[in-house]
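K.L.:
Quick look at the structure:
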């Protein structure tokens, strides 16, 4: 089966500054993929290129088999896109929004949209401009889901949302993707929300792909080992091997795709005394993300 | 899809359209009252001598009204689309970008036409009380370049507002000001008669300009 999204050697510059340095990745059909990275890593640039809102300096993106910059209306109808900030038309009310969008999509299902509005107790006559950020996000989500798209791209769905609305968003997306027929690509800075949602994980670092693997495998293979701090040594990181050593006052840690003996060996090579109480610790996706991309 | 986009623009602009309609009608109504007043306090022969034989354009006060209305409508319609890059909602719809932008322009032009035409009809009816039919034709033909200027102003405003880079917006603004000046060089009745067709064709060709800005906006120029 052909990938639903494919980026081939994307390169992009803003002036002289490189934003993407030869990025390549794919999303297979039916997968929920998280595109993660720190601010300025290149995620939004990639999303804009995918949606043909930006022409890359070189490289190509394919969506559902077509060049992202020459999508036919038929393919566009199969792609749902939630714009960063949940942008929508403030002058419309809930009912008018549905009336505007419905004729564009053959597979439009108003029940999905109005069910979500009922759940949030939003009146059909309420204007988008009078809604809270959370309500507007659900309106935007409802409109995307009602299209019944084969591919949905969420560009920073969590922006401005409180924990309740973020949880609602994640639950709705999870239920929607459960049948395995939809492909979802999402970006977010709230990593802990994505831990039980995404199946594939792509992490950007300074315009390059640092990690591209199944989320389960990442959670299983990327480990943290902590040990008592002994002696004087500095923090160390090696992006090419996804290796990081952090020195703490009392406890230090080593992160990487390492088994315990491999971790000890790496510390030995770096001249870092392993110290006492060398043990593996459980680690969240957010901890992994910070370990991989750094704090600064 | 065509109806949906027209519906969207109507909901967005209907209150502004009403205000512009009232403003235009008020100006035209003022002109009609002025006409009535002039003929009441002066002898008709003296008025005719001044206005017809000496070519005084008595409704010059309305000259720039269509242009101002065109600029205002263009700003009200397209400026909000550039905030938060809301135009992306339309560009993402399952239809061609040029087609989507064209429908927006058609909506704006239809709104402008429905603002201009009642005012023009009011002037025509009012002037028919005081002038013979052949002079009325002169009046309307003299007014036409100003209406075309209004439509051109709307298209050039869209062209400028939708351009994503501020540097080119300034260039487009200067270009538009120079081009629009061509619609307002009349010194006497029917001075544009021979070039009316060319002027109309030029105005029509301006329809392409906002499509270029939309294309540039869609491709992220200036991002």
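Residue numbers (the numbering used here), protein chains in the order written: chain A, 47 to 342; chain B, 202 to 424.
For glycine and all other residues, C-beta sits at the position ideal for the given N, C-alpha and C.
In the region 136-216 of chain A, which residue ranges form an unbroken beta strand (DSSP E) of at least 3 residues, counting only runs that do not cross its ends?
P.N.:
Within the region 136-216 of chain A, the complete beta strand (DSSP E) runs of at least 3 residues are 197-200.
K.L.:
Hey, residue 263 of chain B and residue 232 of chain B are a contact pair by Cβ (cut 8 angstroms); roughly how many whole angstroms apart?
P.N.:
Correct: roughly 6 angstroms between the Cβ atoms.
K.L.:
Which class does residue 270 of chain A belong to by DSSP, given the choice of helix, strand or coil?
P.N.:
If DSSP states are grouped into helix, strand and coil, residue 270 of chain A belongs with the strands.
K.L.:
State yes or no: is the C-beta of residue 121 of chain A within less than 7 angstroms of the C-beta of residue 128 of chain A?
P.N.:
Against a cut-off of 7 angstroms, the Cβ pair of residue 128 of chain A and residue 121 of chain A comes out as no contact.
K.L.:
Step through the CB atoms of chain A and report whether any lies within less than 7 angstroms of the CB of residue 411 of chain B.
P.N.:
For residue 411 of chain B, the answer is no, since every Cβ of chain A falls outside 7 angstroms of its Cβ.
K.L.:
Report yes or no: do the region 413-423 of chain B and the region 361-373 of chain B share at least 3 C-beta pairs separated by less than 8 angstroms?
P.N.:
At 8 angstroms Cβ cutoff, the stretches touch.
K.L.:
May I ask you to list, following chain order, the residues of the region 85-110 of chain A that have a beta carbon less than 8 angstroms from some beta carbon of chain B?
P.N.:
For the region 85-110 of chain A, which is checked against every Cβ of chain B, the residues closer than 8 angstroms are 94, 97, 98, 99, 100 and 101.
K.L.:
By DSSP's criteria, residue 58 of chain A is part of a beta bridge. Which residues make up the other side?
P.N.:
Residue 58 of chain A pairs with A/66.
K.L.:
Using 8 angstroms for Cβ pairs, my map puts residue 162 of chain A next to residue 183 of chain A. What's the rounded Cβ distance?
P.N.:
Residue 162 of chain A to residue 183 of chain A, Cβ: 11 angstroms. No contact.
K.L.:
Tell me the DSSP bridge mates of residue 251 of chain A?
P.N.:
A/254.
K.L.:
Between the alpha carbons of residue 313 of chain A and residue 300 of chain A, how many angstroms are there, rounded?
P.N.:
Looking at the two C-alpha atoms, the distance is approximately 8 angstroms.
K.L.:
DSSP state of residue 328 of chain B, grouped into three classes?
P.N.:
Here residue 328 of chain B sits in helix by DSSP.
K.L.:
For residue 259 of chain A, list the residues DSSP reports as bridge partners.
P.N.:
A/247, per the DSSP bridge assignment.
K.L.:
Need the endpoints of the alpha helix (DSSP H) that residue 405 of chain B sits in, please.
P.N.:
Run containing residue 405 of chain B: 397-406, per the alpha helix (DSSP H) assignment.
K.L.:
In its own chain, which residues sit with a C-beta less than 8 angstroms from the C-beta of residue 245 of chain A, not counting the 5 before and 5 after it?
P.N.:
Within the same chain, residue 245 of chain A has close Cβ partners 77, 78, 79, 260, 261 and 262.
K.L.:
I want to verify the contact list: residues of chain B whose CB lies under 9 angstroms from the CB of residue 122 of chain A, in sequence order.
P.N.:
Under the 9 angstroms cutoff, chain B gives 293, 294, 295 and 296.
K.L.:
For the beta strand (DSSP E) that contains residue 325 of chain A, what are its first and last residues?
P.N.:
325-327 is the span of the beta strand (DSSP E), which, as asked, contains residue 325 of chain A.
K.L.:
Kindly confirm or deny that the region 344-355 of chain B and the region 247-257 of chain B touch, where touching means at least three C-beta pairs closer than 8 angstroms.
P.N.:
No: the two stretches stay apart, fewer than three of their Cβ pairs being nearer than 8 angstroms.
K.L.:
Using a Cβ-Cβ cut-off of less than 9 angstroms, give me the residues of the region 172-188 of chain A that come near chain B, in sequence order.
P.N.:
Here the close residues number zero.
K.L.:
List, in order along the chain, the chain A residues whose C-beta lies closer than 8 angstroms to that of residue 309 of chain B?
P.N.:
Chain A residues near residue 309 of chain B: none, gap ~15 angstroms exceeds 8 angstroms.
K.L.:
Rounded to a whole number of angstroms, what is the C-alpha to C-alpha distance between residue 428 of chain B and residue 352 of chain B?
P.N.:
The shown model of chain B, from 202 to 424, leaves out residue 428 of chain B, and the question about it has no answer.
K.L.:
Using only alpha-carbon positions, find the residue among B/410, B/211 and B/238 that is nearest to residue 377 of chain B.
P.N.:
Nearest option by C-alpha distance: B/410.
K.L.:
Can you check whether the C-beta of residue 421 of chain B is within less than 7 angstroms of a C-beta belonging to chain A?
P.N.:
It does: the Cβ of residue 421 of chain B has a partner Cβ on chain A nearer than 7 angstroms.
K.L.:
If the criterion is Cβ atoms closer than 7 angstroms, does the pair residue 327 of chain A and residue 272 of chain A meet it?
P.N.:
Yes, Cβ-Cβ distance for residue 327 of chain A and residue 272 of chain A is below 7 angstroms.
K.L.:
What three-state label does DSSP hand residue 216 of chain B in the structure shown?
P.N.:
Looking at residue 216 of chain B - three-state DSSP - the assignment turns out to be helix.
K.L.:
May I have a chain-ordered list of the beta strand (DSSP E) segments no shorter than 3 residues that lie completely inside the region 209-271 of chain B?
P.N.:
Within the region 209-271 of chain B, no complete beta strand (DSSP E) run reaches 3 residues.
K.L.:
Is the Cβ of residue 137 of chain A closer than 7 angstroms to any Cβ of chain B?
P.N.:
Output row for residue 137 of chain A: interface = yes.
K.L.:
Does any CB atom of chain A fall closer than 7 angstroms to the CB of residue 209 of chain B?
P.N.:
Yes, residue 209 of chain B lies at the interface with chain A (some Cβ there is under 7 angstroms from its Cβ).
K.L.:
On the premise that residue 380 of chain B lies in contact with residue 361 of chain B, defined as a C-beta separation below 8 angstroms, what is that separation, rounded to the nearest angstrom?
P.N.:
Contact flag wrong, Cβ pair sits at about 11 angstroms.
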